[in-house]
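Worksheet: one structure, shown below.
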Amino acid sequence: MKGLYCRAGVSDAKPKFVIQETSLPEVLNSHLVRVQVKACGLHPLDLELLSDVGIQTDLIPVGREIAGVILQVGDKVSFFQPDGEVVGILPLDFPFSGLCDVIDIDEQYLVQKPEKLSSVCVAGALRDGVCAYTALHTHARVAAGNTILVFDGASPFGLMCIQLACYHGAKVLTTSHSAQKQTFLEQLRPTVARVIPVYNGASDLLSVVLEETGGLGVDVVVDCGVRLQGEESEERKLLPHKHDIISALAVGGHWVTSHKDLQLDPPDSRLLFLRSASVSFLNHEVWTASSAQQGRYLHILRDIMEKLSAGVLRPQPEEPVPVYEATVAMETVQSHQKTKAVVQI
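Printed below as a string of structure tokens:
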């Protein structure tokens, strides 16, 4: 049985992705489920995060969002039976790659997959769905009547946030990072109240937000990264300045950021204080890094499956990659040329 693993580079060397032979124990543990993997999602590895939580191995398993069919269950497994279809995210310290044909995993990391959904669809959408739930429910406590600003709404994560916010009765504003994305987002209207282009140089983001909210600002901001002072590279020039985000917040507003190195200066903190606003950091790995709220996490996974099945959440179709191209696909994802890939097994 073969799986895809990452051999982290020394110092600034690029990580190398390799195929390695692995094997499963003959006897299945009482609480484990043996799953034949049908599809696996690939996302960039955060090697710094793995180091921070103490995961330092020569070979790091790659591919953690899986969908598959149960082959065998342990004698103490209570929620699943053989031949059932399941989906889940492998924990950070999981020893096997999600691209292995068969894996053994604890039942607490899995939920049932609706029959009408393809394995490729759920494996590609699961992580973005969890991130959207974490941002809007866990952090922002979104409610009907809120106004939400989602940056880069055409991204897989941004699209999930838009659909989830609209389902809960919120008014959604979003930004577009290219003319093509602008066209795509305009097709979502009236679901999206306003699409604000930010790719034509100077943006009138703040004035548009204040116009749409009667000068009050938005209740929630979900960013896709932040451009700090002096960062003018092509890659980051489309990201918002932190001052623009804070200025767009309403009194009591909430900013959910995915920028892990965000630094707030005293004037920024003062402005947040005047608005009685707050900031939360979106760490998409928090659920699988800690089991403190495992029941809540499983509830989120089940709700995502229900909404995907009902058509409430509609991710953009992802063209599956064959297994023999998995190494090249992962190198492309790790270099951020693509946001994700889905391998069909």
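So the sequence shown is numbered by UniProt numbering: it starts at 1 and just counts up by one. Note that CB positions come from ideal geometry on N, CA and C, so glycine has one too.
In three-state terms, what does DSSP make of residue i?
i, result
"Ile-246", "helix"
"His-241", "strand"
"Gln-182", "helix"
"Lys-14", "coil"
"His-31", "coil"
"Glu-26", "coil"
"Pro-315", "coil"
"Ala-39", "strand"
"Ile-304", "helix"
"Ser-51", "helix"
"Thr-288", "helix"
"His-299", "helix"
"Arg-236", "coil"
"Phe-80", "coil"
"Thr-191", "coil"
"Phe-281", "strand"
"Asp-268", "helix"
"Gln-56", "coil"
"Tyr-5", "strand"
"Gln-263", "coil"
"Leu-210", "helix"
"Gln-72", "strand"
"residue 411", "Look at the range of the chain in this structure, 1 to 345, and you will see that residue 411 is not part of it."
"Gly-293", "Before going on, a small fix: residue 293 reads as Gln here, not Gly. If DSSP states are grouped into helix, strand and coil, Gln-293 belongs with coil."
"Val-62", "coil"
"Val-198", "coil"
"Val-256", "strand"
"Val-226", "coil"
Assuming residue i and residue j are in contact, meaning their beta carbons sit under 8 Å apart, how far apart are those beta carbons, in whole angstroms?
i, j, result
"Val-120", "Gln-316", "Actually they do not touch by this definition, with Cβ atoms about 12 Å apart."
"Ala-248", "Val-218", "6 Å"
"Asp-104", "Leu-28", "6 Å"
"Leu-226", "Leu-271", "Going by the sequence as given, residue 226 is Val instead of Leu. Rounded, the Cβ-Cβ distance is 15 Å, inconsistent with contact."
"Asp-101", "Val-18", "About 17 Å separates the two Cβ atoms, so there is no contact after all."
"Ile-55", "Leu-92", "6 Å"
"Val-221", "Val-256", "7 Å"
"His-31", "Gly-88", "With 8 Å as the limit, His-31 and Gly-88 do not qualify as a contact, their Cβ atoms being about 14 Å apart."
"Lys-277", "His-243", "Per the sequence presented here, residue 277 reads as Ala, with Lys not at that position. That pair is no contact at about 13 Å."
Whole angstroms is fine: what's the gap from residue i's alpha carbon to residue j's?
i, j, result
"Leu-149", "Leu-274", "20 Å"
"Thr-213", "Lys-16", "48 Å"
"Glu-21", "Gly-3", "6 Å"
"residue 346", "Arg-34", "As displayed, the chain neither begins before 1 nor continues past 345, which places residue 346 out of reach and without an answer."
"Tyr-167", "Tyr-297", "20 Å"
"Glu-318", "Cys-224", "20 Å"
"Ile-85", "Gly-98", "Position check: residue 85 holds Glu in this sequence, whereas Ile was assumed. Answer to the nearest angstrom: the Cα atoms are 16 Å apart."
"Leu-90", "Ile-196", "37 Å"
"Gln-112", "Ile-245", "39 Å"
"Ser-258", "Arg-141", "17 Å"
"Lys-340", "Ala-326", "12 Å"
"Ala-170", "Ser-118", "29 Å"
"Ala-205", "Ala-135", "According to the sequence shown, residue 205 is Leu rather than Ala. Taking the straight line joining both Cα atoms gives about 21 Å."
"Ala-165", "Val-172", "7 Å"
"Asp-106", "Phe-94", "10 Å"
"Thr-191", "Thr-174", "11 Å"
"Gln-145", "Arg-236", "The question names Gln, but residue 145 in the sequence shown is Gly. Cα to Cα, the separation comes out at about 32 Å."
"Ala-329", "Pro-267", "43 Å"
"Pro-320", "Ser-291", "31 Å"
"Leu-238", "Asp-83", "47 Å"
"Tyr-5", "Gln-293", "29 Å"
"Leu-308", "Ala-123", "12 Å"
Is the CB of residue i under 8 Å away from at least one CB in chain B?
i, result
"Gln-72", "The displayed structure is made up of one protein chain only, and chain B is not part of it."
Original post:
Do the region 297–313 and the region 274–283 meet, that is, are 3 or more Cβ pairs less than 8 Å apart?
Top reply: With a cut-off of 8 Å, the region 274–283 and the region 297–313 do not count as touching, because too few Cβ pairs lie within range.
May I have a chain-ordered list of the alpha helix (DSSP H) segments no shorter than 4 residues that lie completely inside the region 100–177?
Listed in chain order, they are 119–133 and 156–167.
* To do: Could you tell me whether the region 144–159 touches the region 173–190, using the rule of 3 or more Cβ pairs below 8 Å?
  => Judged by pairs of C-beta atoms under 8 Å, the region 144–159 touches the region 173–190, as three or more such pairs exist.
Quiz prompt | Cβ pair count under 8 Å reaching 3, the region 126–138 against the region 159–171 | solution = Inter-segment contact for the region 126–138 and the region 159–171 is present: three or more beta-carbon pairs are separated by less than 8 Å.
Taking contact to mean at least 3 C-beta pairs separated by less than 8 Å, is the region 64–82 in contact with the region 37–51?
With a cut-off of 8 Å, the region 37–51 and the region 64–82 count as touching, because enough Cβ pairs lie within range.
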